[in-house]
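Here is the structure we will look at, set down as structure tokens.
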Amino acid sequence: MGLAAPTARQQLRGDPARLYLLGSLHYSARQPVDIPLLAPRALGWYRRLLDLGATVPFNVVLDLGYLLLEGEDFRFRSFFADATLAADERAGREAYETRVLVRRLQEANFPRLRRLVVDNQAPDLAVTRVLEILLRPLGQGLTRRFGIEEAHSLRADFERADFRTAREAFEAAVDAPGLLLEQLVQLADEATALDLDRLLHEEDFYEIEHIRVFPRESLREVARRIKTVERLLGPSRRSVGAALRERALADTTLESLGTYPTGGIAELTTTGPIENLVSSELIYLEPEQPIDPFLVRYAENELLRYLRDSAVLRMMRRSVVFIVEDCTDFTCPVTSGRELYGTKVIRCLMGLVLALATDLLQIFRRDDINLSFKLLAPAGGPTETVGERQEILDVLHLLFREKEEQGTASVELALQSLAEALAALPRDPQRFRSVVVLARPETVAGLDGLRLGTDTRLIPVAVGQREAEPLSGLTLSLAGEPFGALRQAREEILEMLTG
Numbered sequence: 002m003g004l005a006a007p008t009a010r011q012q013l014r015g016d017p018a019r020l021y022l023l024g025s026l027h028y029s030a031r032q033p034v035d036i037p038l039l040a041p042r043a044l045g046w047y048r049r050l051l052d053l054g055a056t057v058p059f060n061v062v063l064d065l066g067y068l069l070l071e072g073e074d075f076r077f078r079s080f081f082a083d084a085t086l087a088a089d090e091r092a093g094r095e096a097y098e099t100r101v102l103v104r105r106l107q108e109a110n111f112p113r114l115r116r117l118v119v120d121n122q123a124p125d126l127a128v129t130r131v132l133e134i135l136l137r138p139l140g141q142g143l144t145r146r147f148g149i150e151e152a153h154s155l156r157a158d159f160e161r162a163d164f165r166t167a168r169e170a171f172e173a174a175v176d177a178p179g180l181l182l183e184q185l186v187q188l189a190d191e192a193t194a195l196d197l198d199r200l201l202h203e204e205d206f207y208e209i210e211h212i213r214v215f216p217r218e219s220l221r222e223v224a225r226r227i228k229t230v231e232r233l234l235g236p237s238r239r240s241v242g243a244a245l246r247e248r249a250l251a252d253t254t255l256e257s258l259g260t261y262p263t264g265g266i267a268e269l270t271t272t273g274p275i276e277n278l279v280s281s282e283l284i285y286l287e288p289e290q291p292i293d294p295f296l297v298r299y300a301e302n303e304l305l306r307y308l309r310d311s312a313v314l315r316m317m318r319r320s321v322v323f324i325v326e327d328c329t330d331f332t333c334p335v336t337s338g339r340e341l342y343g344t345k346v347i348r349c350l351m352g353l354v355l356a357l358a359t360d361l362l363q364i365f366r367r368d369d370i371n372l373s374f375k376l377l378a379p380a381g382g383p384t385e386t387v388g389e390r391q392e393i394l395d396v397l398h399l400l401f402r403e404k405e406e407q408g409t410a411s412v413e414l415a416l417q418s419l420a421e422a423l424a425a426l427p428r429d430p431q432r433f434r435s436v437v438v439l440a441r442p443e444t445v446a447g448l449d450g451l452r453l454g455t456d457t458r459l460i461p462v463a464v465g466q467r468e469a470e471p472l473s474g475l476t477l478s479l480a481g482e483p484f485g486a487l488r489q490a491r492e493e494i495l496e497m498l499t500g
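So the mapping is simple: the numbering used here equals the position in the sequence shown, first residue as 1, plus 1.
Shown next, in the form of structure tokens:
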């Protein structure tokens, strides 16, 4: 039994809106005795979804929301109670429970999703976001049948309500007997659109896990787009050796944060040559004592040694700086290709930067590596990009918050020209530095012949957006197939960073 989409959306207010809310609960899959206790919390999720324009029946929101929170502990209605219902209602309920609810429990992504929701510091925000993703595919049919005005003031007395009576009163008010059951059946018929394994991607899981740290929807949208580009780029094809080392080797000091020893407690042993002795063991040297604790520990093989072959760990200290030009050209959407169509160029570039940062942290996981991200906006430049610029900076701060707190990453806005930004980079003779510049061709052209010293590698990348735009050197052309161009640029940049 299908329900055709109406030609016009019917707006509900006052009593009809309240009756729609209460009447839909007649078809909830939950134990009826639980509903008055659960409905007030679910109403908060529902108001948020109403603000986003999706007006599904309230029982669907309550059922799916608590299914996320409770998993297999969700208390379904009694089978024997349903046995007394009319045949069409019983069939509709069974189809809804099986295809919409039980099927979600069986999907591969459900355990991971539920764990993220239950462990979240803002579980109600997380539930609402998941419901928004799930219910979005219902499109213009079921979710657009009714609209509810003044959703923020929607109230109902769930304790004293008779849901069957409310259903009958609502259907009489809109002159559509059996309407709510028809909606339930349509939802069951379209349940394949609610497939968690198809709808949810890595950027969605990331957003749900960190939803509390993204205080605004606009920030979540920026983060989602950037993480989408990173996901689409996938893992690098570049083969990584077990240990990558370059010419700029330096002895490790205790000031090298988080890198000494590289393996932590797993890299300590009580066997091996004495030159690998952990220096802290020398505190046991007490030559004037009758019994020397150091000699006792040595004789009993209790002295700690490092597993490596030499007592001094030699490693690479690296700094990688990403400079991305902020300009009006990069706030335009990508107009070609399929995967990234409509995504702003600046967000594509930040997704590329994020993928490169992830690659470098994996490749050089045993090195002391610092990452720096600079958004370049010359002073006195156009003001149209200020809003987008600030949101990208906020998102980068959130994405790299932990590493910023550790002192191994930094995010900043550079209100200066590219030449000034390069000249202002701090010098550290003990670190080998690579600087990746993503900018317009005319900006990159100004770097011809520029040398930053023997300890710095400059990697300029000219980003073009027009078909006939002449590009030279390392280029990233988004005019033809932007996705392929991003992947190719990623491999070429990695080659230069690690070669």
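Beta carbons: idealized from backbone N, C-alpha and C, even for Gly.
Because the structure is a prediction, the values reported are computed rather than measured.
Here Q466 is buried. Its C-beta has 16 or more other C-beta atoms within 10 Å. With respect to the C-alpha of I347, the residue from R199, L357, N371 and R390 having the closest C-alpha is R390. Here the alpha carbons of K228 and E204 stand approximately 5 Å from one another.
Annotated as distal: V103 and L188, with beta-carbon spacing of 9 Å or more.
Here R225 has E204 and E208 as same chain residues with Cβ atoms under 7 Å from its own Cβ, once five neighbours each way along the sequence are excluded. Q184 is not bridged by DSSP to any residue. Taken through DSSP and simplified to helix, strand or coil, G388 comes out as helix. Put simply, of I370, L180, L65 and L394 the residue whose alpha carbon is nearest the alpha carbon of A378 is L394. Look at R441 here: in three-state DSSP terms it is coil, with no helix or strand label. Three or more beta-carbon pairs separated by less than 8 Å are not found between the segment 431-446 and the segment 399-408, which leaves the two stretches without contact. Between the segment 291-302 and the segment 326-346, the count of Cβ pairs shorter than 8 Å is below three; the stretches do not touch. Rounded to whole angstroms, the Cβ separation of D64 and R42 is 13 Å, and the two are not in contact under 8 Å. When the Cα atoms are used, T359 and V445 turn out to be separated by approximately 25 Å.
Burial check for G343: the Cβ neighbour count within 10 Å stays below 16, so the residue is exposed.
Rounded to the nearest angstrom, the Cβ distance from Q11 to V230 is 40 Å, too far for a contact under 8 Å. Contact check for S25 against F77 fails: the beta carbons are separated by 9 Å or more. Three or more beta-carbon pairs separated by less than 8 Å are not found between the segment 98-116 and the segment 47-54, which leaves the two stretches without contact. A415 sits away from P442, with the two beta carbons spaced by 9 Å or more. With a cutoff of 9 Å on beta-carbon distance, L233 and L357 are scored as not near each other.
Judged by their CB atoms, L498 and I460 are nearer to each other than the 9 Å cut-off. For A410, there is no enclosing alpha helix (DSSP H); the residue is found in the beta strand (DSSP E) stretching over A410 to A415.
By the Cβ-count criterion, Q122 is exposed, with fewer than 16 other Cβ atoms from all chains shown falling within 10 Å of its own Cβ. When the Cα atoms are used, L38 and L479 turn out to be separated by approximately 54 Å.
Approximately 13 Å separates the beta-carbon atoms of A424 and K375; this is outside 8 Å, ruling out the contact. Around L195, the same chain offers L135 as residues with beta carbons nearer than 6 Å, after the five sequence neighbours per side are excluded. Within the segment 287-366, the alpha helix (DSSP H) runs of at least 4 residues that lie entirely inside it are, in chain order, 294-300 and 346-364. R367 and P236 have their C-alpha atoms some 19 Å from each other. The C-beta distance from V101 to L69 rounds to 13 Å, too long to fall under 8 Å, and the pair is not in contact. Residue pairing for F433: DSSP places it in a beta bridge opposite R319. The three-state reading of DSSP puts P461 in strand, counting E and B together. Of all alpha-carbon atoms in A177, G15 and L399, the one lying nearest the alpha-carbon of I212 is that of L399. Residue pairing by DSSP leaves T129 without any beta bridge partner. For N371, the enclosing beta strand (DSSP E) has its first and last residue at D369 to L377. In this structure, the alpha-carbon of E71 lies about 49 Å from that of R306.
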